[in-house]
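Residues 973 to 1256 (my numbering) make up the sequence shown, in order.
Okay, structure first, notes after.
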Amino acid sequence: MPLRDRLNTSLASFTAPFSVDVCLMLGTGLGDTLSQLQTLGIELVDTIAYEDIAAFPHSSVISHKGDLVFARAGSLTLCIFQGRFHLYEGWSALDTAFPIYLGHELGAHTLIVSNAAGALNPNFTVGGLMVIEDHLNFTGQNPLAGWQDESIGPLFPDMSQAYSKDYAGHATASASDAGIALHRGVYAGVLGPSLETSAERRWLRSAGGDAVGMSTVMEVIAAKQCGMDVLGISAITNVATGLADQPADSIEAVLAAAAEAAGKFATMLPGILARMNPQLTSRR
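Next comes the structure, spelled out in structure tokens:
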């Protein structure tokens, strides 16, 4: 089904409570951020299960819920995707990016995308957060390959400024206000699902990566095609330096570190949204 037809099919299957300013994609272990956000003054307005949205993928990975949540943060409106889709699950690149296209159709001009990532940079702290300044696409895939629809956006979008420097500044200021240390760096996106070998991790570090994960890149490409501004945040969940002293990886440890980072992300988010507010409300 062509993307435009697929979007129309999805939109016809549910009723959004309002036009959206911000699209928020919650990554591994960050889905429970919503309960924390409610205590910080963000109002949850409506929830729609992915399975109730026509022509929409479904989430199948542990720690990924399958809900589209509508929320308010002051005068800003949000659509929040609890659960994403990964290439390693067998979804196409376009499938993994589909929520972003839907969020844009709902009105969003901004994407805040989060993920869990391993620390290639030896100076990073497990349980901490990294603002994504740029990314490296090592998946070998792209959601724009194989189709053209100028009603969505250009086939060759500019990716030289994939992540907003202004929004990165908002995140840094909000973290400082909350007393949270924040790393900054380059996210290396890989296919997965197996975790990287030590040699691969050392090579990714030499290529310029500071953190490595299995998501986000397809979504950001789609967002930039749609003309959206992007803030990316990685939860640092494990040491991935490829050095002799790195501990063995386990999904249990990754989820525990993601939960620790989720609390910090939730604490920062209201401040980030407040700083975004003037620019976003002017674009309505």
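Even glycine gets a Cβ: it sits at the ideal position worked out from N, Cα and C.
Query raised in the report: What do you get for L1163, buried or exposed, if any count of 16 or more other CB atoms within 10 angstroms of its CB means buried?
Result: exposed
Query - Which listed residue (I1020, D1024, T1000 and L1066) has its alpha carbon closest to that of A1274 - result: With the chain running from 973 to 1256 in the structure shown, residue 1274 is simply not present.
Report task. Less than 8 Å between the CB atoms is what I'm expecting for V1085 and V1202, so what's the real figure, rounded? Result -> 7 Å
Query raised in the report: Is it true that the stretch 1173-1181 meets the stretch 1123-1137, where meeting means three or more beta-carbon pairs spaced less than 8 Å apart?
Result: No: fewer than three Cβ pairs fall under 8 Å.
Query raised in the report: What are the residues that DSSP puts in a beta bridge with G1106?
Result: First, the amino acid is wrong: residue 1106 is Asp here, not Gly. V1158.
**Report entry** Residue environment, G1046, which counts as buried when at least 16 other CB atoms sit within 10 Å
**Finding:** That one is exposed.
Query raised in the report: Can you tell which of F1237, A1195 and L979 has its C-alpha closest to the C-alpha of L1012?
Result: F1237
Requested in this report: May I ask you to list the residues that DSSP assigns as paired with A1183?
Outcome: A1091 and Y1159
**Report entry** Under the three-state DSSP convention, the category F1237 falls into
**Finding:** helix
Requested in this report: Please list, in chain order, all residues of the same chain as L1059 whose beta carbon is under 8 Å from its beta carbon, the five residues on each side excluded.
Outcome: Around L1059: A1065, T1068, T1111, Q1113, L1163, G1164, M1186 and M1190.
**Report entry** Best match in A1195, V1226 and E1105 for proximity to T1144 [C-alpha to C-alpha]
**Finding:** E1105
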